[in-house]
Amino acid sequence: MLKISNVETFYGKIQALRGVDLDVNDGEIVSLIGSNGAGKSTLLMTISGVNKAKRGNIVFNGENIENKQPHKIVDMGICQVPEGRRIFSRLTVEENLRLGAHANEKGKYFENDIKEVYDLFPVLSDRKTQRGGTLSGGEQQMLAIGRALMSKPKVLLLDEPSLGIAPKLVNQIFLSIKNINKEKNVTIFLVEQNAKKALELADRAYVLVNGKVTIKGSGQELLKNKDIQAAYLEGGAKN
Amino acid sequence: MEKKDIIQSFKDSLFTGLIALALFGPIVGLRTASKGEGLFITPQWGVVFLLVGLCILGRFLINLNSARKTEITFFSKFTSKFSAITEDKAKHFAITAILFAVVFPFLPFTDRYFMDVAIMILTYIMLGWGLNIVVGLAGLLDLGYVAFYAVGAYSYALIATTFGWSFWICLPLAGVFAAFFGILLGFPVLRLRGDYLAIVTLGFGEIIRIILINWYEVTNGPDGITGIPRPSFFGLPFKRSPDEGETSFHLFFNLEYSTMHRIIFLYYLILVLALITNYFTLKIRKLPVGRAWEALREDEIACKSLGVNPTNTKLTAFAIGAMFGGFAGSFFATRQAFISPESFTFIESAIIVAIVVLGGMGSQTGVVLASIFLIGITEMFRDLEQYRMIAFGGAMVLIMVFKPKGILANRKPTILMHGDKK
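Those protein sequences? They're chains A and B, same order as listed.
Using this note's numbering, you'd call the opening residue of the first sequence number 12 and step up by one each time.
Using this note's numbering, you'd call the opening residue of the second sequence number 72 and step up by one each time.
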């Protein structure tokens, strides 16, 4: 469904991605783990078209998207929940959600979609008219996911949904991600530092080191991998 | 309050006095007077010491007050009246204000001077509302807004004097021209934000003004354009003795001729234009494009990730904001019947930005209050001549001290829980 081959992205002269190859198949949950500065967020931004790939191809449903503008890519069905949530803090919850449907707000399914988001995250429904900035971190993350769902994506790109969120809420958010995948049939590409959670959830996973994929396999395989345990799961595996 | 604090605040006050001395010393203290041949300097140290003394005392009192942590001072009493006007109450306020504005020309104390000031305030309100689209909603700091005001005024003046078309045809054309210039400015600045954007828009405003001065063949340079047609009341001119075959306003309605008729008509014209601007802004905020403007102000990357096209969004904001500036400009041209580049200097842009910022970015009612406050104050102190800019500056400082986010800082949601559903 989404095929990334040999993608290289630069920030000025600094190379952030050094030829990334990666596939995401229809209906899967694919996780990408890696440490700070490995290029995880850059990869997502490159898929979304916010950063442009200097070399390599990104093919989505048989169409090359590496040179398309971000809003065209969203129209095609790839939506990103950016790192740090990036809620429109002075806008209300409902306004945030409506903005998510910006690509197709004319659509008549709108009211229905918004209801589905509220069913998925009932807490958002209670806070409809509250400003986005007044929500807690976890609620903001839910809002960010809900907002992205409003564009009716085929693939949802999630950048560190566990960042800065209470552990209890992290579980709830990961459960919701699973639900979105299973019930709404949305393919998930998840980027995480919380390697244990990400690998448990994933059908397949990749490890990104210094802008290159070094290890790939099923989520379970990677959880048992000695190298990964040493590098990413220390402490995480104990509890 | 401890002794230490008193000494501290005393030192602080002395420091304030030092700054005041440095400022007032040369500005107020050394006065040039012409005696016979040449200029002589007459010192006025008495006035300087009075001013410096006032500054020290004022600072000391402020320090004492803040140390006691009480907020009951003259100023905070004064501003709490403004705080009372929250956005919830703004609707009642708006209706009252509009009603007042409608009956204003017929109130007993309203004379020609009041009407002129009111027209001026309304022009600034309209400009403020127009700029509010760009600065308040889309978050693009535009320091060259006066350029669109100028484009509107000159388009109107040139079209009306060249082709002799009526106000109602020229007005939309002027708006279209201004919008076109808005897009022209928009393209090169698409990638810029914040300070950088402000600098470029500042330059743009100056470019337009300098073109107006130097393109003598078209704009008549610094001499300006004279004889711009006055608006007519739907074809009925405001003239004492109409031309042959024409009926003028006072004859048609069987009234005694008065110059006030035209003034009142101009007043209602700008009132309607301003209210259209306001209505348009309030409506567009609830539409996807308006919401996208606000989202862009909040976070550009999030917008991109959600499929908002930032290029189109910014350009529409610039174009629509410019269009309303252009409308205001054509009104200005028809009201003055004479325009020159003098009227479109940077200070105008600065005043409009000040109105938007002091009003509380994005607040429509705030713009009204700030316009009345700023323009009204400068008018009130007109007799003081050059000192009125001090009053203007003082007004801005007061607002920023007591309401740092603007008079009305709260953003009103576009969707309400129990309200009408879109």
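Glycine is no exception: its CB is placed at the ideal position from the N, C-alpha and C atoms.
Since the structure is predicted, the reported quantities are computational estimates derived from the model, not experimental observations.
Listed in chain order, the non-local C-beta contacts of Val119(B) below 8 Å within the same chain comprise Leu92, Phe95, Gly96, Val99, Gly100, local neighbours out to five positions each way being set aside.
Neighbourhood of Asp86(A) in chain B, by CB distance below 9 Å: Gly378, in chain order. For the C-beta of Leu110(A), the chain B residues within less than 9 Å are, from N- to C-terminus, Pro359, Arg362, Ala363, Glu365, Ala366, Ala373, Cys374, Leu377, Val379. The residue from Leu186(A), Phe21(A), Leu210(A) with its alpha-carbon nearest to that of Lys65(A) is Phe21(A).
Proximity to Ile423(B) across Thr405(B), Phe131(B), Gly235(B), Phe444(B) peaks at Phe444(B), based on C-alpha coordinates. Judged by their CB atoms, Arg29(A) and Lys227(A) are not nearer to each other than the 8 Å cut-off. Within its own chain, the residues whose Cβ lies closer than 8 Å to the Cβ of Arg453(B), once the five positions on either side in sequence are excluded, are Arg459, listed in chain order.
Take the alpha-carbon of Phe251(B) and the one of Leu122(B): they are about 50 Å apart.
Gln91(A): member of the beta strand (DSSP E) spanning 89 to 92, first to last residue. Take the alpha-carbon of Leu234(A) and the one of Ala209(A): they are about 10 Å apart. In the three-state reduction of the DSSP assignment, Thr348(B) falls in the helix class. For Thr145(A), no beta strand (DSSP E) segment is defined, and its DSSP state is neither H nor E.
Across the structure, Phe81(B) and Phe131(B) are spaced so that their CA atoms are roughly 6 Å apart. In the DSSP assignment, Gln26(A) is bridged to Phe21(A). Annotation note: the segment 286 to 357 of chain B contains no uninterrupted beta strand (DSSP E) run of length 3 or greater.
Around the beta carbon of Trp286(B), fewer than 16 other beta carbons lie within 10 angstroms, which makes this residue exposed.
For the options Phe177(B), Ser105(B), Ser226(B), the alpha carbon positioned closest to that of Ile296(B) is the one of Ser226(B). Close partners of Arg482(B) in chain A (Cβ separation under 7 Å): Arg101.
Around Gln80(A), the same chain offers Gly60 as residues with beta carbons nearer than 8 Å, after the five sequence neighbours per side are excluded. The straight-line gap separating the alpha-carbon atoms of Ser42(A) and Pro133(A) is approximately 26 Å.
Taking 8 Å as the cut-off, the beta carbon of Gly292(B) is found no closer than this to the beta carbon of Ile299(B). Close CB contacts of Lys189(A) within its chain, under the 8 Å cut and outside five residues either way in sequence, are with Ile40, Leu212 (chain order).
Taking C-alpha positions only, Ser312(B) is separated from Ser319(B) by approximately 8 Å.
Excluding sequence positions up to five before and after Asp83(B), its CB lies within less than 7 Å of the CB of Arg130, Asn134, all in the same chain and listed in chain order.
In the DSSP assignment, Tyr216(B) falls outside any alpha helix (DSSP H), carrying neither H nor E.
For Ser59(A), the nearest CB of chain B lies under 8 Å from its own CB, placing it at the interface with that chain.
Taking 8 Å as the threshold, the shortest C-beta distance from Pro178(A) to chain B does not fall below it. At a cut-off of 8 Å between C-beta atoms, Thr436(B) does not count as an interface residue with respect to chain A. Look at Ser229(A): its C-beta is not under 8 Å from any C-beta on chain B. Its chain contains Gly148, Gly149, Gln152, Ile184 as the residues whose beta carbon lies nearer than 8 Å to that of Ile176(A), once the 5 sequence neighbours on both sides are disregarded; these appear in chain order. Note that the C-beta distance between Ser173(A) and Asn205(A) is below 8 Å.
A contact between stretches requires three or more CB pairs, one per stretch, nearer than 8 Å, and the segment 227 to 241 of chain B fails this requirement with the segment 266 to 280 of chain B.
With its beta carbon at least 8 Å from every one in chain B, Gln152(A) lies outside the interface.
Assignment of Thr225(A) by DSSP, reduced to helix, strand and coil, places it in the strand class. With a 10 Å radius around the Cβ and a threshold of 16 neighbouring Cβ atoms, Pro178(A) comes out exposed. Contact annotation: the segment 356 to 364 of chain B does not touch the segment 213 to 224 of chain B, with fewer than three C-beta pairs closer than 8 Å.
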